[in-house]
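What follows is a short report on a single structure.
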DNA sequence: ACCAAGTATATGAGAGTTCAAGTAAATTGA
DNA sequence: TCAATTTACTTGAACTCTCATATACTTGGT
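Residue numbers (full-length UniProt numbering), protein chains in the order written: chain A, 1 to 149; chain B, 1 to 149.
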């Protein structure tokens with residue numbers, strides 16, 4: 001009953017797996033090497049740095065940083081140990097926590113950003129034509145809208 | 001000096017991260033739920049199952065399964081515990097090891113494959129038009145050829 | 001006011017990954 | 001021929017992630 005992948009689909013699928021893994025590995029290696037953090041942490045810090053007053057509820061932060069709640073909890077615990085994030089109790093909902101980016105945290109991400117952007121360009125944008133970038137954007141938006149939630 | 005991402009590039013980049021992460025999470029969840037293995041293990045078993053006599057040198061297997069040598073070593077150790085893979089010493093190069101897919105291992109992957117292929121279709125091929133699939137193939141091939149090695 | 005159900009987050013255990021270092025065998029080259 | 005280098009693979013520790021479970025608070029009926 002299974003509709004197997006034909007030769008073209010196999011090729012596409014394997015190219016997809018290779019390409020996405022290579023990009024992710026390049027990102028992670030660069031960040032780990034130059035900024036001592038995994039990409040997941042970087043995304044958390046970026047999300048916080050863009051929030052008003054650099055503070056956000058944990059659950060919203062999880063959504064923005066594309067993290068599960070559990071992963072975020074663990075990550076923020078580590079980031080707190082480094083002094084990059086602080087947790088405030090939420091006054092209007094006392095179950096809630098608010099993650100706050102500290103000045104040290106902001107400095108850390110400001111220092112990490114240029115190298116990271118360079119790596120993003122090196123591993124993705126620089127190797128594609130403008131048309132390919134446009135196509136990729138649409139493809140990813142479609143996938144995202146379909147699978148999200 | 002940093003050339004930051006403009007608004008379009010930001011959108012593309014975030015769509016790319018979301019889409020690829022969603023696909024990978026869907027794959028991993030399906031395999032973990034229905035076949036009790038992570039995607040990385042699945043790729044190792046697939047690579048072995050396609051090899052002549054279902055056996056391959058560790059280093060070549062790492063390349064085919066897109067795994068680091070260290071990851072592969074750990075993974076094969078686990079797969080060996082399950083009785084899905086065996087390790088033979090390599091006669092002509094006694095440093096080498098040859099991973100061999102056992103009958104149980106072959107049965108495991110044969111059982112896992114249909115659900116996995118279904119998930120691949122659900123999360124990628126079914127949501128894209130044929131043109132998009134072709135474009136994605138080219139894009140990923142380009143990225144792959146650039147970053148590989 | 002009370003209790004059941006739902007929500008927000010944390011926590012712990014188990015598993016996989018990475019990185020650095022370790023072992024063993026092959027190769028190089030003086 | 002033998003020391004130095006390189007190659008193949010493994011190992012251990014540190015870290016992150018996932019999943020299941022726990023905790024604390026809130027909400028919606030009754």
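The C-beta atom is built at its ideal place from N, Cα and C for all residues, glycine as well. Treat the numbers as computed from the prediction; the structure is a model and nothing was measured.
Proximity below 7 Å, CB of residue i to CB of residue j
| i | j | result |
| --- | --- | --- |
| residue 24 of chain B | residue 141 of chain A | no |
| residue 89 of chain A | residue 100 of chain A | no |
| residue 22 of chain A | residue 39 of chain A | no |
| residue 7 of chain A | residue 135 of chain B | no |
| residue 112 of chain B | residue 51 of chain B | no |
| residue 12 of chain B | residue 137 of chain A | yes |
| residue 20 of chain B | residue 146 of chain A | no |
| residue 10 of chain B | residue 139 of chain A | no |
Residue(s) in a DSSP beta bridge with residue i
| i | result |
| --- | --- |
| residue 58 of chain A | According to DSSP, which records beta bridges pairwise, residue 58 of chain A is partnered with nothing at all. |
| residue 157 of chain A | Since the first residue shown for chain A is 1 and the last is 149, residue 157 of chain A is missing from the structure and cannot be characterised. |
| residue 100 of chain B | B/55 and B/86 |
Whole-angstrom C-beta distance between residue j and residue i, which should lie under 8 Å
| i | j | result |
| --- | --- | --- |
| residue 43 of chain A | residue 66 of chain A | 6 Å |
| residue 144 of chain A | residue 18 of chain B | 4 Å |
| residue 30 of chain A | residue 119 of chain A | 4 Å |
| residue 61 of chain A | residue 48 of chain A | 7 Å |
| residue 2 of chain B | residue 117 of chain A | 6 Å |
Same chain, Cβ closer than 8 Å to residue i, neighbours up to 5 away in sequence not counted
| i | result |
| --- | --- |
| residue 97 of chain A | 57, 58, 87, 88, 89 and 90 |
| residue 125 of chain B | 133 |
Other residues of its chain near residue i: CB distance less than 7 Å, five sequence neighbours each side excluded
| i | result |
| --- | --- |
| residue 41 of chain B | 75 and 79 |
| residue 102 of chain A | 83, 84, 85 and 86 |
| residue 32 of chain B | 38 |
| residue 104 of chain A | 83 and 84 |
| residue 5 of chain A | 13 |
6 Å Cβ shell around residue i - same chain, five flanking residues per side excluded
| i | result |
| --- | --- |
| residue 109 of chain A | 45 and 49 |
| residue 55 of chain A | 98 and 100 |
| residue 123 of chain B | 23 and 26 |
| residue 203 of chain B | The requested residue 203 of chain B does not occur in the structure, where chain B is confined to residues 1 to 149. |
| residue 64 of chain A | 47 |
| residue 129 of chain A | none |
| residue 53 of chain B | none |
Any non-hydrogen atom of the ligand ATP within 6 Å of residue i CB
| i | result |
| --- | --- |
| residue 75 of chain A | Among the components of this structure there are no ligands whatsoever, and the ligand ATP is therefore not found. |
Counting only Cβ-Cβ distances shorter than 8 Å, please list the residues of the segment 9-42 of chain A near chain B, keeping chain order. 9, 11, 12, 13, 15, 16, 17, 18, 19, 20, 21, 22, 23, 24 and 26
Residues, ordered as in the chain, of the segment 92-124 of chain A that lie near chain B by beta-carbon distance below 8 Å: 113, 114, 117, 118, 120, 121, 123 and 124
Can you pull out the residues from the segment 54-77 of chain A whose beta carbon lies closer than 8 Å to at least one beta carbon of chain B? 66
Short-range partners of chain B found in the segment 132-147 of chain A, where Cβ spacing is below 9 Å: 132, 133, 134, 135, 136, 137, 138, 139, 140, 141, 142, 143, 144, 145, 146 and 147
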